[in-house]
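Working notes, beginning with the structure itself.
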Amino acid sequence: MNKKNKILLLLLFVGLIALSSCSLKPLKNIQYKEFENMEDIDSDLIIVGFSQLGSESDWRTANTKSIQNALISENGFSLIFANGRQKQENQIKDVRSFIFQEVDYIVIAPVTETGWDTVLTEARDAGIPVVIVDRMIDTEDESLYAAVVGTDKHAEGMKAGIWLEKHLEKVKQASDASPDGSGTEYVEEDVNIVILEGTINSTAQIGRSQGFDDIAKNHENWNIIARESGDFTKAKGKEVMAKYLREFDDIDVLVSQNDDMTFGAIEAIQEAGLTCGVNGDITIISFDAVSRAFDMMEEGLINVVIECNPLQGDLISEIIERLENGEEVPKISYVDGKVFEAENASIDRIGRSY
Ligand code: AHR
Numbered sequence: 032m033n034k035k036n037k038i039l040l041l042l043l044f045v046g047l048i049a050l051s052s053c054s055l056k057p058l059k060n061i062q063y064k065e066f067e068n069m070e071d072i073d074s075d076l077i078i079v080g081f082s083q084l085g086s087e088s089d090w091r092t093a094n095t096k097s098i099q100n101a102l103i104s105e106n107g108f109s110l111i112f113a114n115g116r117q118k119q120e121n122q123i124k125d126v127r128s129f130i131f132q133e134v135d136y137i138v139i140a141p142v143t144e145t146g147w148d149t150v151l152t153e154a155r156d157a158g159i160p161v162v163i164v165d166r167m168i169d170t171e172d173e174s175l176y177a178a179v180v181g182t183d184k185h186a187e188g189m190k191a192g193i194w195l196e197k198h199l200e201k202v203k204q205a206s207d208a209s210p211d212g213s214g215t216e217y218v219e220e221d222v223n224i225v226i227l228e229g230t231i232n233s234t235a236q237i238g239r240s241q242g243f244d245d246i247a248k249n250h251e252n253w254n255i256i257a258r259e260s261g262d263f264t265k266a267k268g269k270e271v272m273a274k275y276l277r278e279f280d281d282i283d284v285l286v287s288q289n290d291d292m293t294f295g296a297i298e299a300i301q302e303a304g305l306t307c308g309v310n311g312d313i314t315i316i317s318f319d320a321v322s323r324a325f326d327m328m329e330e331g332l333i334n335v336v337i338e339c340n341p342l343q344g345d346l347i348s349e350i351i352e353r354l355e356n357g358e359e360v361p362k363i364s365y366v367d368g369k370v371f372e373a374e375n376a377s378i379d380r381i382g383r384s385y
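The sequence shown begins at 32 in our numbering and counts up one residue at a time.
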């Protein structure tokens with residue numbers, strides 16, 4: 032190679048490096064697997080940027096998998112996944128990155144409800160439709176999103192309250208019928224309830240708290256003696272429950288707004304020398320219904336789990352396809368959830384995938 036060619040080659044090399052460092056610089060948490068080389072993307076595929084809020088729970092893992100398994104190239108999609116690690120500021124950066132890359136659709140599972148208007152206005156101005164999943168956003172401008180796919184968190188909270196009403200009634204009847212008059216703790220007037228709340232200002236925390244409170248307010252003898260956030264994690268759930276146990280010596284019921292916090296709380300209860308669940312000192316109501324929660328219901332450690340269904344991927348892909356075809360889609364679509372009790376856990380879990 033002569034000197035001139037060598038210089039040309041060197042210039043080309045330097046140019047390529049400069050280009051790759053100023054464009055499409057990967058953010059730390061974004062998987063660019065399918066997006067490193069724009070030419071590699073089949074132009075027929077629908078490119079979706081998905082900002083997941085984090086990986087805090089078994090439920091979240093199942094939700095991520097469901098969406099990743101639905102938005103695959105065989106179904107006509109190319110997915111860019113970003114993990115917000117429980118921080119809205121990360122999610123906002125991820126959404127801006129999607130806008131910059133001119134994706135076709137943006138899917139967001141928002142960690143908290145408020146503070147989305149600015150970035151969603153940017154997406155709308157760029158002509159990119161947004162689908163909100165799992166949790167909701169708080170905005171007065173419905174034109175900022177095309178559709179919502181999730182579960183009804185307020186209804187989930189109400190289901191927890193309705194289950195407790197029925198449970199207490201059953202226990203009371205059993206105690207009234209008992210010949211020696213010996214009853215359980217629920218014969219006493221007051222029912223002391225502690226709540227482990229999820230991430231504050233998230234739809235799951237707001238909806239489940241309000242739904243449960245809407246039932247609790249009808250019962251003068253239900254005392255909600257503490258409510259604090261365990262941030263939907265096992266470690267924080269354990270820490271807050273241990274604190275409750277140090278502060279109160281007569282906790283009758285724990286309402287834990289997700290299974291992971293429940294797993295931590297059970298450890299704290301056992302370490303405090305108490306029992307829980309069916310026939311235990313503390314009745315446990317949980318939310319989600321992941322596989323480990325079924326194990327614990329089978330062991331009698333959890334009384335009931337209010338299901339929040341994470342399998343939302345197929346519905347999301349269907350909605351995007353319909354939007355792509357110019358069809359009208361419902362503004363809000365909810366996936367149904369059931370109530371699973373310890374007594375039937377071994378049967379109810381059959382066929383479940385997470
Ligand atoms: O928003 C859904 C909730 O988020 C699930 O109950 C919980 O496990 C997750 O962290």
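A virtual CB, placed ideally from N, CA and C, is assigned to each residue, including glycine. Note that the structure is predicted; figures quoted are calculated from it, not measured.
Contact between the region 321-332 and the region 272-285 (3+ Cβ pairs under 8 Å): no
Any non-hydrogen atom of the ligand AHR within 8 Å of Ser104 CB: no
Those residues which DSSP pairs with Val366 across a bridge: Beta-bridge pairing links Val366 to no other residue.
CA nearest to the CA of Leu346, picked from Ser109, Gln99 and Gly311: Gln99
Residue nearest to Arg116 in terms of C-alpha spacing, selected from Gly85, Glu133 and Asp262: Gly85
Selected residue, minimal CA-CA separation from Glu87, among Thr264, Thr306 and Leu354: Thr264
Outcome for Lys190 when other beta-carbon atoms lying within 10 angstroms are tallied against a minimum of 16: buried
Cβ-heavy atom distance, Ser364 to the ligand AHR, below 8 Å: no
For Ile313: DSSP bridge partner residues: Cys307
Inter-residue Cα distance where the pair is Leu58 and Asn121: Since pLDDT at Leu58 reaches only 38, below the 50 mark, its modelled position is unreliable, and the value read off the structure follows with that caveat. Roughly 10 Å separates the two Cα atoms.
Cβ-heavy atom distance, Ala235 to the ligand AHR, below 8 Å: yes
Distance cut-off 8 Å: Thr230 Cβ against heavy atoms of the ligand AHR: yes
Inter-stretch contact at 8 Å, needing at least 3 Cβ pairs: the region 221-234 / the region 244-258: yes
Proximity test, Ser391 beta-carbon vs the ligand AHR heavy atom, cut-off 8 Å: There is no way to answer for residue 391, as the model of the chain reaches only from 32 to 385.
Nearest-angstrom Cα separation, counted from Glu171 out to Phe129: 24 Å
Trp253 - partner residues in DSSP beta bridges: Val222
Collapsed DSSP secondary structure at Asp326 in the structure displayed: helix
Cβ-heavy atom distance, Cys339 to the ligand AHR, below 8 Å: yes
Range covered by the alpha helix (DSSP H) that runs through Phe279: Counting along the chain, Phe279 falls outside any alpha helix (DSSP H), and DSSP gives it neither H nor E.
Residues near Lys56 in its chain [Cβ-Cβ closer than 7 Å; skip 5 each side]: Annotation note: pLDDT 36 at Lys56 (below 50); position unreliable, coordinate value reported separately. Nothing meets the Cβ criterion.
Status (buried if at least 16 other CB within 10 Å, exposed otherwise) for Thr293: buried
7 Å Cβ shell around Asn21 - same chain, five flanking residues per side excluded: The structure shown has nothing for residue 21, since the chain only spans 32 to 385.
Rounded C-alpha distance that separates Trp194 from Asp75: 49 Å
CA nearest to the CA of Arg166, picked from Phe131, Phe108, Thr230 and Gly192: Thr230
Nearest-angstrom Cα separation, counted from Phe112 out to Gln132: 13 Å
Residue burial classification, Gly368 (beta-carbon count within 10 angstroms, cutoff 16): buried
Inter-residue Cα distance where the pair is Ala101 and Ile139: 15 Å
Which residues DSSP lists as bridging Val284, in chain order: Ile224 and Thr314
Run of the alpha helix (DSSP H) containing Asn94, from where it starts to where it stops: Asp89 to Ala101
Assumed close pair Thr182, Tyr365 - CB separation to whole angstroms, cut-off 8 Å: 6 Å
Ser384 - DSSP class collapsed to helix/strand/coil: coil
Cβ-based neighbour list, Gly188, same chain, cut-off 7 Å, excluding 5 preceding and 5 following: Gly238, Arg239, Ser240, Gln241, Gly242 and Phe243
Three-way DSSP call (helix, strand, coil) for Glu372 in this model: strand
Span separating the alpha-carbon of Ile103 from that of Val360: 21 Å
Exposure label - Ser377; buried when at least 16 CB within 10 Å: exposed
Cβ-heavy atom distance, Asn289 to the ligand AHR, below 8 Å: yes
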